[in-house]
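In what follows, a single structure is set out as structure tokens and then discussed.
Protein chains in written order, with the working numbering: chain A, 776 to 1025; chain B, 39 to 296.
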């Protein structure tokens, strides 16, 4: 469903990600794990067509994101780190708007919006102004926006960041349900190990802009503590990175 | 097209559900009213003096159309040069600041659709502003007999002028995350544009002088206010709108590359 081939992104002299390749099959729920500033958001932004890669290519749902962005974007639902909300809009108005932008035909918009509202548990607030919602509800509106056009692929950038434990639990359950609902392919980024364990079946570990690990969660858990593995991998990446930098300057 | 209308509709709804536009239009109407009644007052005073002195040869020159309608509309254009950038400053700057631009840029829509949708919304708002402005001159029709076509062509050129400033402000708004910066820059540009012809008069080179005079929007505003609608002037405003919307489109495209 998603194929990333040798993705590299440079911002001026800074290389955000380097030579990242992976493939994700239909229906997989993948955790994109890594410390802050590892390149998770950059990778997701490239997958969604928000920014282009400096080199490499991505296809989503069979459409090349750079060559046929409109088709690729139609099958992708995206929740950025900050939900892209308009505070002065009503919840259902906003979802209707997102549906229109994603080419949901006029006749189906009302149904799809109602479905997204039901899926994300927003019935009670659908007539409310977004500005007045709690952070947990805003996150749900963001999720509803991502699924309103029934995308085959769902890309979620730190969907539980900044929420309280109860909200985190709710959002995780919601994501699991959204993934199961239609056999959706889901990628979510996080720096919390537990999140991957709670939701995902497979993990991609990224650190210092490079893909360090790509494995099924079950297999990893058999090898021992995930937490430990995560830390040691990041540590290893850091040493290599610093070592490389030292060599480069020498 | 449905994307353009969706974006335009959302912009309009947000303009009319938040106080910003009401406040700005209110302030504009207050000062426009002040300007209008001041010029009407001085006109009446002048006529009375001319009659008291018996200098009837000046009555020809002191007519309602030139001294009240055209002069007021001309001053309104200066007010619009301040108000329009403030109305347009939210455009892209606010979307970038709140992150909602990510929804637009990851939707299957083009940058041109985004720019046109937003501009259409401002154009509709400015049509409302022009309609409100026409209320002042409409008052004159109750008591005097200004010329209908000249007045309408004056309002039309005022609207075109506002659209040009809006296009420039939209472009400026696409360059920054800060609404304040966008607003202030827009006002500075619209004031600088007013001074272009003035700078032209001081220029030694004839070509430069003509160019600077031609570039100033008021060069193209004044003839129509006096009843002389020239296609050259209409073309000027159309060129400004198209040019700056194209620049805004390029700027939105470049957001993807930053």
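A virtual CB, placed ideally from N, CA and C, is assigned to each residue, including glycine.
Nearest-angstrom beta carbon gap, residue j and residue i [assumed within contact, 8 Å]
i: residue 131 of chain B; j: residue 228 of chain B; result: Contact flag wrong, Cβ pair sits at about 17 Å.
i: residue 991 of chain A; j: residue 960 of chain A; result: With 8 Å as the limit, residue 991 of chain A and residue 960 of chain A do not qualify as a contact, their Cβ atoms being about 15 Å apart.
i: residue 197 of chain B; j: residue 164 of chain B; result: 6 Å
i: residue 278 of chain B; j: residue 220 of chain B; result: The Cβ separation is near 18 Å, so there is no contact.
i: residue 62 of chain B; j: residue 118 of chain B; result: That belief does not hold up - the Cβ atoms of residue 62 of chain B and residue 118 of chain B are roughly 11 Å apart, past 8 Å.
i: residue 100 of chain B; j: residue 85 of chain B; result: 6 Å
i: residue 108 of chain B; j: residue 268 of chain B; result: Their Cβ separation, rounded to whole angstroms, is 15 Å, which puts residue 108 of chain B and residue 268 of chain B out of contact at 8 Å.
i: residue 952 of chain A; j: residue 970 of chain A; result: About 16 Å separates the two Cβ atoms, so there is no contact after all.
i: residue 195 of chain B; j: residue 271 of chain B; result: 7 Å
i: residue 208 of chain B; j: residue 282 of chain B; result: 7 Å
Host alpha helix (DSSP H) of residue i (start-end)
i: residue 128 of chain B; result: 128-136
i: residue 244 of chain B; result: 244-253
i: residue 847 of chain A; result: 844-849
i: residue 828 of chain A; result: Here residue 828 of chain A belongs to no alpha helix (DSSP H), and DSSP marks it neither H nor E.
i: residue 86 of chain B; result: 57-91
i: residue 818 of chain A; result: 815-822
i: residue 291 of chain B; result: 269-293
i: residue 986 of chain A; result: From DSSP, residue 986 of chain A is part of no alpha helix (DSSP H) but of the beta strand (DSSP E) over 985-991.
i: residue 973 of chain A; result: 968-974
i: residue 793 of chain A; result: From DSSP, residue 793 of chain A is part of no alpha helix (DSSP H) but of the beta strand (DSSP E) over 789-799.
i: residue 961 of chain A; result: Premise fails: residue 961 of chain A lies in the beta strand (DSSP E), 960-965, not in any alpha helix (DSSP H).
i: residue 872 of chain A; result: 866-876
i: residue 912 of chain A; result: 910-922
i: residue 221 of chain B; result: 217-240
i: residue 887 of chain A; result: 881-894
i: residue 181 of chain B; result: 149-181
i: residue 193 of chain B; result: 186-211
i: residue 905 of chain A; result: Note, residue 905 of chain A: premise wrong, no alpha helix (DSSP H); not H, not E.
i: residue 140 of chain B; result: 139-143
Contacts of residue i in chain B (Cβ-Cβ under 7 Å)
i: residue 857 of chain A; result: 137
i: residue 848 of chain A; result: 144, 145, 146
i: residue 912 of chain A; result: Near residue 912 of chain A there are no residues of chain B at all, since even the closest Cβ is about 17 Å away, more than 7 Å.
i: residue 957 of chain A; result: Result: empty, since nearest Cβ-Cβ is about 19 Å, beyond 7 Å.
i: residue 845 of chain A; result: 146
Check whether residue i and residue j have beta carbons under 8 Å apart
i: residue 831 of chain A; j: residue 875 of chain A; result: no
i: residue 250 of chain B; j: residue 234 of chain B; result: yes
i: residue 873 of chain A; j: residue 983 of chain A; result: no
i: residue 918 of chain A; j: residue 949 of chain A; result: yes
i: residue 827 of chain A; j: residue 841 of chain A; result: yes
i: residue 223 of chain B; j: residue 255 of chain B; result: no
i: residue 42 of chain B; j: residue 162 of chain B; result: no
i: residue 274 of chain B; j: residue 167 of chain B; result: no
i: residue 852 of chain A; j: residue 930 of chain A; result: yes
i: residue 965 of chain A; j: residue 933 of chain A; result: yes
i: residue 845 of chain A; j: residue 146 of chain B; result: yes
i: residue 995 of chain A; j: residue 968 of chain A; result: no
i: residue 958 of chain A; j: residue 801 of chain A; result: yes
i: residue 987 of chain A; j: residue 1012 of chain A; result: yes
i: residue 126 of chain B; j: residue 152 of chain B; result: no
i: residue 867 of chain A; j: residue 924 of chain A; result: no
Terminal residues of the beta strand (DSSP E) in which residue i lies
i: residue 956 of chain A; result: Not the beta strand (DSSP E): residue 956 of chain A falls in the alpha helix (DSSP H), residues 940-956.
i: residue 982 of chain A; result: 977-982
i: residue 777 of chain A; result: 777-786
i: residue 840 of chain A; result: Neither: residue 840 of chain A is in no beta strand (DSSP E) and is coded neither H nor E.
i: residue 932 of chain A; result: 928-932
i: residue 804 of chain A; result: 804-808
Partners in chain A for residue i, counting only beta-carbon separations shorter than 8 Å
i: residue 44 of chain B; result: 872, 875, 876
i: residue 247 of chain B; result: The premise fails here: residue 247 of chain B is roughly 43 Å from chain A at the closest Cβ pair, so nothing lies under 8 Å.
Chain A residues whose Cβ lies nearer than 9 Å to that of residue i
i: residue 41 of chain B; result: 875, 876, 878
i: residue 287 of chain B; result: Going along chain A, no residue has its Cβ under 9 Å from residue 287 of chain B, so there is no contact; the nearest lies around 16 Å.
i: residue 128 of chain B; result: Correct list: empty, because the minimum Cβ distance to chain A is about 11 Å.
i: residue 215 of chain B; result: Residues of chain A passing the Cβ test: none, with the nearest at roughly 13 Å.
Chain B contact residues for residue i, given Cβ-Cβ distances below 9 Å
i: residue 863 of chain A; result: 51, 52, 55, 56
i: residue 998 of chain A; result: Chain B residues near residue 998 of chain A: none, gap ~37 Å exceeds 9 Å.
i: residue 920 of chain A; result: 141
Interface residues of chain A facing residue i [CB-CB closer than 7 Å]
i: residue 292 of chain B; result: Going along chain A, no residue has its Cβ under 7 Å from residue 292 of chain B, so there is no contact; the nearest lies around 11 Å.
i: residue 143 of chain B; result: 825
i: residue 140 of chain B; result: 825, 855, 859
i: residue 134 of chain B; result: Within chain A, no residue comes near residue 134 of chain B; the closest Cβ sits about 11 Å away, beyond 7 Å.
i: residue 268 of chain B; result: The premise fails here: residue 268 of chain B is roughly 41 Å from chain A at the closest Cβ pair, so nothing lies under 7 Å.
Partners in chain B for residue i, counting only beta-carbon separations shorter than 8 Å
i: residue 1003 of chain A; result: What residue 1003 of chain A touches in chain B: nothing, since even the nearest Cβ is about 35 Å away.
**Any 3 or more C-beta pairs closer than 8 Å across the region 974-986 of chain A and the region 802-810 of chain A** = yes
**Prompt:** Three or more beta-carbon pairs under 8 Å between the region 935-946 of chain A and the region 862-881 of chain A, yes or no?
**Reply:** no
**Asked** Using 8 Å as the Cβ pair cut-off and three pairs as the minimum, do the region 98-105 of chain B and the region 808-823 of chain A touch?
**Response** no
**Asked** How do the region 1004-1014 of chain A and the region 43-60 of chain B stand: do at least 3 beta-carbon pairs fall below 8 Å, yes or no?
**Response** no
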